[in-house]
């Protein structure tokens, strides 16, 4: 009734903006929170800035700073040029790209097919197979038997030892299967009445409808393949088959000196080389990070709800 | 019948009722809905074939190694196959039952690290989630989340490298501290500080990411409850204490229980990467023990025995944790992230 009087708004005490039914917190409190948050974020961000800066810095500045710099004064890409002039790092980058690409593509294909074959209600054998897949979430056979298996089937020192074992993960089968099962039965029935075969239902209906979830699975797997380190340490001996993570461990964590095969060249500072390798290993993750953040977060919550 | 009209692969139970001819013969329809095993196999063989590559890979890389655990009862020799190696009964398990000092040390370290993870690492995401939730600006919150989630996607190699570059003896901080006459940090490479180091690394990597599940739980809280507290004259702390925390209590309990199921597994990659710098006394855990005895020393039987016992206890713990979670009225989570 107040509001019908023109020029007069309903009178409300100053708290125009209520948060949880209360006035916003005291400015001091907000300031404290802001500082804590800023601190947390800088602790995360600063190391990355330091790494990128050092990879771009020149010898003079690095010597002056005693090792690492927070901001490059004369940025140069010498270090990147040096590690990509051929040699161990170039080779390792190619290996990592190959393993990641082959692994995630294979993984999406196999997981999609398996999930589809498990998603049709009442189909032959889907229950025992589903159990077979689910139970793998509960146990891990152990490092030694896994190693012996890889050795027995002759995959030791082969890149396939890095690609094949993680191809099927039960969790992803569950996610994709759940997605397939939500596709309305009517669509599939309609396709069948139009004479679609099982394969056509898969390729013409299921896969196009589930592009998004398959992309997420591919991303999941790509990140896992790219970051995998221990399996390479276990199964790969030859230096030319080392993935990037292993090179990173040798040259950055264990601090082995990086030799360049090219005599007479001006060698960029050791720290810059190390940090350049580190940055190279970070770039793919950062490129896909926006998607990761969105979808992985969803995955965590789905995982919690669906079990 | 309907099935002949739409082809062999179209099962009767997948044809919507409306397209089926009217049929009063209920038992016959029942029989058509659940064909015999053989008929179902003939009908679904293509579907079955599609799943086959995945099934083969699961069998090969998950179940075959399970059988490979028989090496724990054998004397493994590099020049013999697993089958030819002589049986030695429970000899390989002697380190466990007789309490080999190195094994006991690994067990002790594992448990200490696990307890630290639960007491120190576990509450951090909860606190961080409460902080993020209390932010008024949706935009700042989103930016902060983007930054804080990032380390989760870094491999352990990257994180260990970052810590070394930053906190190592010649790292960014110590160089700066020496120039400015500040105390020097010796956290990298000092066995006494190893626990502190790996605990802070664990927090740095996953504290932000861990908030997701708590934020999701907080977002489901009924806003009216907050207003009710406000109406009753309660302040922000009361809202936190009487509404937010009780609402996420079940998630906290669930995650805690599941964490307990994992006590024998601690960051293997993280530790193996840093073992060289601090030595095995401080850093050996069960997984690294298996690696060092088996792969490095070549004592596969012994290593497999320790791995097997660890795996079995781990399985029992996970199942028990899920059981307890169910008792608390929660759905279990069998997967970890």
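Residue numbers (my numbering), protein chains in the order written: chain G, -16 to 290; chain H, 133 to 469.
Just so it is clear, CB atoms sit at the ideal spot from N, CA and C, and this is done for glycine as well.
Bear in mind the structure is a predicted one, so any value in this text is a computation, not a measurement.
The C-alpha of residue 250 of chain H lies about 14 Å from the C-alpha of residue 333 of chain H. Of all alpha-carbon atoms in G:41, G:101, G:34, the one lying nearest the alpha-carbon of residue 184 of chain H is that of G:101. Inter-residue distance for residue 271 of chain G and residue 37 of chain G is about 24 Å (C-alpha atoms, whole angstroms). The segment 314 to 334 of chain H makes no contact with the segment 352 to 360 of chain H; the number of CB pairs closer than 8 Å stays below 3. Counting only Cβ-Cβ distances below 9 Å, residue 276 of chain G has contacts in chain H at 277, 278, 281, 282, 285, in chain order.
At a cut-off of 8 Å between C-beta atoms, residue 223 of chain H does not count as an interface residue with respect to chain G. With fewer than 16 neighbouring CB atoms inside 10 Å of its own CB, residue 110 of chain G falls in the exposed class.
Proximity of residue 77 of chain G to chain H, defined by a Cβ-Cβ separation below 8 Å, is not satisfied. For chain H, the residues of the segment 124 to 135 of chain G that bring a beta carbon within less than 8 Å of one of its beta carbons are 124, 125, 126, 127, 128, 129, 130, 131, 132, 135, in chain order.
The Cβ atoms of residue 75 of chain G and residue 145 of chain G do not sit closer than 8 Å to each other. Interface with chain H (8 Å Cβ-Cβ cutoff): residue 197 of chain G is excluded. Rounded to whole angstroms, the Cβ separation of residue 264 of chain H and residue 273 of chain H is 6 Å, and the two are in contact under 8 Å. Counting C-beta atoms within 10 angstroms of its own C-beta, residue 32 of chain G has fewer than 16 neighbours from the protein chains shown and is therefore classed as exposed.
The beta carbon of residue 292 of chain H is closer than 8 Å to those of 333, 402, 405, 406 in its chain, skipping five residues each way along the sequence. Beta-carbon to beta-carbon, residue 203 of chain H and residue 167 of chain G are separated by about 50 Å, too far to satisfy the 8 Å threshold.
Using beta-carbon distances, residue 186 of chain H counts as an interface residue toward chain G, with a partner under 8 Å. In this structure the segment 60 to 78 of chain G lies against the segment 221 to 238 of chain G, because at least three pairs of beta carbons, one per stretch, are closer than 8 Å.
For residue 242 of chain H, the enclosing alpha helix (DSSP H) has its first and last residue at 233 to 248. Annotation: Cβ neighbours of residue 213 of chain G in chain H (cutoff 8 Å, chain order): 400, 401, 404. If the five residues before and after residue 309 of chain H are omitted, its C-beta is found closer than 6 Å to the C-beta atoms of 316, all from its own chain and listed in chain order. Here DSSP, grouped into helix, strand and coil, assigns residue 288 of chain H to helix. Annotation: the continuous alpha helix (DSSP H) that includes residue 272 of chain H extends over 270 to 281. The beta carbon of residue 203 of chain G is closer than 7 Å to those of 155 in its chain, skipping five residues each way along the sequence. Less than 8 Å separates the beta-carbon of residue 259 of chain G from that of residue 62 of chain G. By the 16-neighbour rule on beta-carbons within 10 angstroms, residue 82 of chain G is buried. Rounded to whole angstroms, the gap between the alpha carbons of residue 193 of chain H and residue 229 of chain H is 30 Å. Take the alpha-carbon of residue 344 of chain H and the one of residue 184 of chain G: they are about 36 Å apart.
Close to residue 48 of chain G, with beta-carbon spacing below 7 Å, are these residues of chain H in chain order: 307. What residue 172 of chain H touches in chain G, judged by beta-carbon distance under 9 Å, is 105, 106, 107, 108, going in chain order. The beta carbon of residue 237 of chain G sits closer than 8 Å to some beta carbon of chain H. Rounded to the nearest angstrom, the Cβ distance from residue 200 of chain H to residue 124 of chain G is 7 Å, consistent with a contact under 8 Å. Interface criterion not met: the Cβ of residue 382 of chain H is under 8 Å from no Cβ in chain G.
Around residue 163 of chain G, no beta-carbon contact reaches into chain H at under 9 Å, the shortest distance being about 12 Å.
A Cβ of chain H is located within less than 8 Å of the beta carbon of residue 94 of chain G. With respect to residue 421 of chain H, residue 238 of chain H sits close: the two C-beta atoms are nearer than 8 Å.
Look at residue 219 of chain H here: in three-state DSSP terms it is strand.
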